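Structure representation (structure tokens):
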């Protein structure tokens, strides 16, 4: 049996110091946890906290208790958020209209270095100063009311209780009058979603068993931004298009449907026969769409999407081959004036001065030509040129005469003609395609 040796004095000291360190760390962690504010929800009471770094207010700090007795609307924003800034005049007018019954408080995470120059420019362009206070470098209120997307509005009643969490559409005189008059309205709550995860689906979804899932919502969903989000997992592939116009939804489907045919889609490959404003971006006319399919059905996803849109939206669309006027890009001679000298592939055709492309296919030139507003017809490539090319232009693409001269220097020309091309046709459902 091994002999138990007594601890040396040094070992005792080290153990004692270790215990003190562990106890100190435990106290620090406990204290940190206790000081972290709890995220508040509707029905919770906002704690009495001091808000510092106020700009355009009677004092540089204020306690939340000071707002008791009036409706407090916290407006989370940022200098880069156009959707936030466009609502400032409305918020300022509401503040003036309701006076002491209302306090609008702008809150941003950004510091004075960004915000103060922004206000200087904004007020100068507006012609008068905005009379709303702003909290700079905020973390406290953002922690109390976490969110993904801005603008984000939190309504706190005169009693300090959170009454509503909304987007900008709900911030209006009628709703404010109700709350300041003592009537609690049930406003639709803004719940921010993670756009990188399947929308409105539970984590309990048996993804391996998924055969098909699609959803179409009408009207702006305040808890999502606008955009396209791809889905790729071992169990499914998919796409979400959030807060988009009908036109954007059909164009999204058309891009891949054309690509599957070996074609390139652009705005000039589209005919709209609908009396509806399919490009409208008003809140009521926006849509959110998502589709999920097993990976082996990826090629069918966009035909499925088109079928869903035709089934549930007020219009219908299809890809149809039609004879249309277009501009044909073709070679004017046999001499090869296009061949690249090599080097790093570069596409600088969108430069405002001296645009060029280097060691790149003519597909880049076609995309650029089809983006020009002055060329109202679709441009198609009939050069038959398969190699990479070098092209340098002496003038901007906005100068069409100079553009044609530059193309001629490389043995290229644009000629108007008629061709049968795949076209996206969108029409009303009561109209025969």
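Residue numbers (the numbering used here): 3 to 435. The beta carbon of each residue, even a glycine, is placed where N, CA and C say it ideally should be. A quick note: this is a predicted structure, and the numbers were derived from the prediction, not measured.
- Between residue 295 and residue 239, the gap from beta carbon to beta carbon is short of 8 Å.
- Residue pairing of residue 319 in beta bridges, as defined by DSSP: 428.
- Taking C-beta atoms under 8 Å as the contact rule, residue 177 and residue 189 qualify, at a distance of about 6 Å.
- For residue 165, the closest C-alpha among the options 74, 301, 223, 293 is that of 74.
- Residue environment for residue 289: buried (at least 16 other C-beta atoms within 10 angstroms of its C-beta).
- For the 8 Å CB-CB criterion, residue 413 and residue 334 form a contact.
- Runs of the beta strand (DSSP E) lying entirely within the segment 117–165, each at least 3 residues long, are 154–158 in chain order.
- By the criterion of a C-beta distance shorter than 7 Å, residue 42 is surrounded in its chain by 48, 146, 147, 164, once the five residues flanking it on both sides are discounted.
- Excluding five sequence positions before and after residue 191, the CB atoms of its chain that fall closer than 8 Å to its own CB belong to 44, 166, 167, 168, given in chain order.
- For residue 383, there is no enclosing alpha helix (DSSP H); the enclosing beta strand (DSSP E) covers residues 381–383.
- In the DSSP assignment, residue 95 falls within the unbroken alpha helix (DSSP H) covering 90–100.
- Where residue 391 is concerned, the enclosing beta strand (DSSP E) starts and stops at 391–394.
- The C-alpha of residue 402 is placed about 32 Å away from the C-alpha of residue 247.
- Look at residue 44 here: in three-state DSSP terms it is coil, with no helix or strand label.
- Under DSSP, residue 280 takes part in no beta bridge, so it has no partner.
- With a threshold of 16 other beta carbon atoms within 10 Å, residue 119 falls short and is exposed.
- With a 10 Å radius around the Cβ and a threshold of 16 neighbouring Cβ atoms, residue 157 comes out buried.
- Straight-line spacing of the CA atoms in residue 377 and residue 371 works out to 7 Å.
- Secondary structure remark: continuous beta strand (DSSP E) runs of at least 3 residues inside the segment 236–310, in chain order: 239–246, 272–274, 289–295.
- Here residue 202 is exposed: its Cβ has fewer than 16 other Cβ atoms, across all protein chains shown, within 10 Å.
- In the displayed model, residue 370 falls within a helix according to three-state DSSP.
- With contact defined as three or more Cβ pairs closer than 8 Å, the segment 263–275 and the segment 199–213 are not in contact.
- Residue 77 sits in a strand when the DSSP states are folded into three classes.
- Non-local beta-carbon contacts of residue 425 in its own chain, meaning distances under 8 Å to residues more than five positions away in sequence, involve 271, 272, 273, 321, 322, 323, 324, 326 in chain order.
- Straight-line measurement puts the Cα of residue 249 at about 25 Å from the Cα of residue 366.
- Counting the other Cβ atoms within 10 Å of the Cβ of residue 108 gives 16 or more, which makes it buried.
- The beta-bridge partner set that DSSP reports for residue 216 consists of 293.
- Nearest to residue 235 by alpha-carbon distance, out of 346, 329, 300, is 300.
- For residue 410, no beta strand (DSSP E) encloses it; the enclosing alpha helix (DSSP H) starts and ends at 402–411.
- Residue 363 and residue 391 have their C-alpha atoms roughly 6 Å apart.
- The beta carbon of residue 278 is closer than 8 Å to those of 248, 316, 317, 430 in its chain, skipping five residues each way along the sequence.
- Residue pairing by DSSP puts residue 420 in a beta bridge opposite 327.
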